[in-house]
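Counting along the sequence shown from 1, when you hit position 448 you're at 1831 in our numbering, and nothing is skipped either side.
See structure below.
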Amino acid sequence: MSAGSSSKKLINEPGSVVTDAIDGFLATHPHLRRLDGFPDIKVVFDPAHDKSKVALISGGGSGHEPAHVGYVGGGMLTAAVAGEVFASPPASAVLAAIRAVTGPGGCLLVVKNYTGDRLHFGLAAEQAKAEGLAVEVVMVGEDAAIDTPRMAGRRGLAGTALVHKIAGAAAAAGMPLPAVAELARSVASRCATLGVALSGCTLPGHPPNTRLGPADVELGLGIHGEPGAAVLPLPPVRQLVETMMTRLVAYKATASLFGPGARVALLVNNLGATPPLELSIVAGEAVAAAERQGLAVVSVLAGPFVTSLDMAGVSLTLLATTPDMERLLAADTAAPGWPRSSSSSRIHSSRPQPVPLPTGPADVAEAATAQQAAGAGSSQHAALTAGCVRAAAEALQQAVPLLNEMDAKGGDGDCGDTLAAGAAALLAGLQAGSLPTAPAAAALRGIASAINSAMGGTSGGLYQVALIAAAPAVQVPEPGVKEWAAAFAAGVAAVEKYGGAAAGCRTMLDALLPASEALSRAAAAGETSGAAAAAAAAAAAAAGAEATKGMTALAGRASYVPAEAVAGHADPGAVAVLLWLQAVADVLAGRS
């Protein structure tokens, strides 16, 4: 078995991929334009460019988006010249771009170091010069995977985007062509990039790429699928990033620039198919690895910059900055493909400084109430509450196999495990003395807080919202049946409101609602015995849970499975309500 990208693509036909993509891009960015030369001439440009200033042009084969079309806009590129996927654009297209945007300010071509790009951009530059236009060319080749470059030199990678940004900002500020060109060369010479791929990439209309095995990664795999420096088993990302950072800092061409204390910009480039979740992990590890190398990270940019179609992987680029480069890197740009980021000059850190959790008026009031209750002889109520919580938690823990089996009929089979995790948190809180058991409102909020971290998923959220909604109704010194009935009703109403279910949907509500109604009837009848009221509620919950055997699931995961899959089986959420409510009733009756 091998790991590869998919041959399934959202395209019309392989031959129109690039032109279709350009027109789609322009449909979403109507302030930009293209030259009327399809399909041979594919040039996107900024019609608002001031020709008294330097025009910046780049491009190359498509498939590396947002490079280069996404970088067209004030403060970056003036025009981008696109070839077919992974194919250099013809010199005629480059020349058309030069003619379209170059004025008295002249033109700078930023070219990734690949033979085809060098030839076609170079030829166009010479033709433009012959026409009397001021044109300079800067080559970018910063691939640190190549220890000893051959005649072709080092490949141009994501560092090219940093050249675009800094040179583009300089051009927008009015710097003359020679100065912009020299700055661009300086940026290119101070960059080092190293990539790692988890998969190859698949070209439109081609079979899936199966270059790498399911457990392998390739260090230095090129953005067109060119061979890298090494294939190795995928290690934890921290170890992988450490390896990459060590090689970057030791890269011969820039090693003297990356000594301890050096100020650097770090670009974390998504090669195409890396989820944002994973990219953020890589970014955090990269900042930490740079810190361990003694570098001062003054800018971090993470996202897709120079991609390789659907290649899964990342590249890291280090740029040894100067004060001018830092200022220009942080300058505003209208280019749609460049991320909006903070212009803060702070050094980035892998150790974030969390802000203390805020407290609300209820927290302060409850703390005072709890202190008063403690001094007013509430130990009996606290002990009774603790007994109820303990019994309910233990009942849920004992029912894990039953609840999981029931949940597997129409869900993911983890109902018992989820509730047991919350139960364990409650028992641990009781054992440690950290779970408040008096006054009643504080106890309910304490239970909600305890299960907040322990219980994931929908059920955890529903129990929390019920407990929080119930608490205000028992915010009295000694709540009785009347107050507990009101609290139970408020909690159940919150579950209905935020959970989106109702009676008859085959959910926990089908046990909660009858129990709430039973409590309300007991309160209305003047019942003062908590044990009797709880017993009535538990009996009503039992009848409600039993009734779910004949219901069609209209909410929750079970609503997505065939009705016959759950027919004749009770809803596990409703059964769980019965179990903990019966346990509470037993404690109040002195049976536990």
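All C-beta atoms, glycine included, are put in the ideal place defined by N, C-alpha and C.
Since this is a predicted model, take the numbers as computed values, not measurements.
query	result
Backbone secondary structure at E1601 - three-state DSSP	strand
Supposed close pair K1392, P1587 - CB separation, criterion 8 Å	5 Å
Exposure of K1999, with buried meaning 16 or more beta-carbon neighbours within 10 Å	Since the first and last residues shown for the chain are 1384 and 1975, residue 1999 lies out of range.
Pick from G1466, A1438 and V1427 that is closest to G1446, judged by C-alpha positions	G1466
Beta-bridge partners of F1428, as assigned by DSSP	R1416 and A1462
Completely contained alpha helix (DSSP H) runs for the stretch 1811–1871, where each covers 4 or more residues	1823–1837 and 1840–1853
Cβ pair count under 8 Å reaching 3, the stretch 1662–1675 against the stretch 1706–1724	no
Cβ neighbours of V1468 in the same chain (closer than 7 Å, five flanking residues each side left out)	V1400, V1401, G1444, S1445, G1446, L1586 and P1587
Contact set for I1549: own chain, Cβ-Cβ below 7 Å, skip 5 residues either direction	L1566, V1570, M1708, L1711 and L1712
Three-state secondary structure assigned by DSSP to E1519	strand
Where T1700 falls: helix, strand or coil (DSSP)	strand
Sheet register partners of M1694 (DSSP bridge)	G1655
C-alpha distance - D1790 paired with H1764, whole-angstrom precision	35 Å
Beta-carbon proximity check, L1560 vs G1489, cutoff 8 Å	yes
Nearest-angstrom Cα separation, counted from K1792 out to P1897	24 Å
Close beta carbons around A1831, own chain, < 7 Å, minus the five adjacent residues each side	Q1847, L1850 and I1851
Separation of I1529 from G1578, as counted between CA atoms	11 Å
Cα-Cα separation between V1683 and I1606, rounded to whole angstroms	22 Å
Whether L1640 touches A1703 by CB criterion (8 Å)	yes
Pairwise C-alpha distance: R1573 and D1423	35 Å
Cβ pair M1459, G1398 closer than 8 Å	no
Segments of 4+ residues assigned as alpha helix (DSSP H) that fall wholly inside the stretch 1462–1506	1474–1484
Where the beta strand (DSSP E) through L1439 begins and ends	A1438 to S1445
C-beta atoms of E1668 and R1621 nearer than 8 Å	yes
When G1499, A1918, A1936 and E1509 are compared against A1868, the one with the closest alpha-carbon	A1918
Distance between A1474 and L1502 (C-alpha atoms, nearest Å)	8 Å
Residues bridged to T1576 [DSSP beta-bridge criterion]	D1526 and T1700
First and last residue of the uninterrupted beta strand (DSSP E) at V1614	A1613 to P1616
Check whether A1966 and A1928 have beta carbons under 8 Å apart	no
Spatially closest choice to W1721 from N1652, S1691, A1778 and A1774, by CA coordinates	N1652
Test item: CB-CB of V1523 and N1496 under 8 Å	yes
Three-pair Cβ contact test at 8 Å for the stretch 1794–1802 versus the stretch 1811–1824	no
Distance between T1700 and V1681 (C-alpha atoms, nearest Å)	13 Å
Selected residue, minimal CA-CA separation from A1950, among A1957, L1961 and M1934	M1934
Coarse secondary structure for S1399, derived from DSSP in three states	helix
Three-way DSSP call (helix, strand, coil) for L1595 in this model	strand
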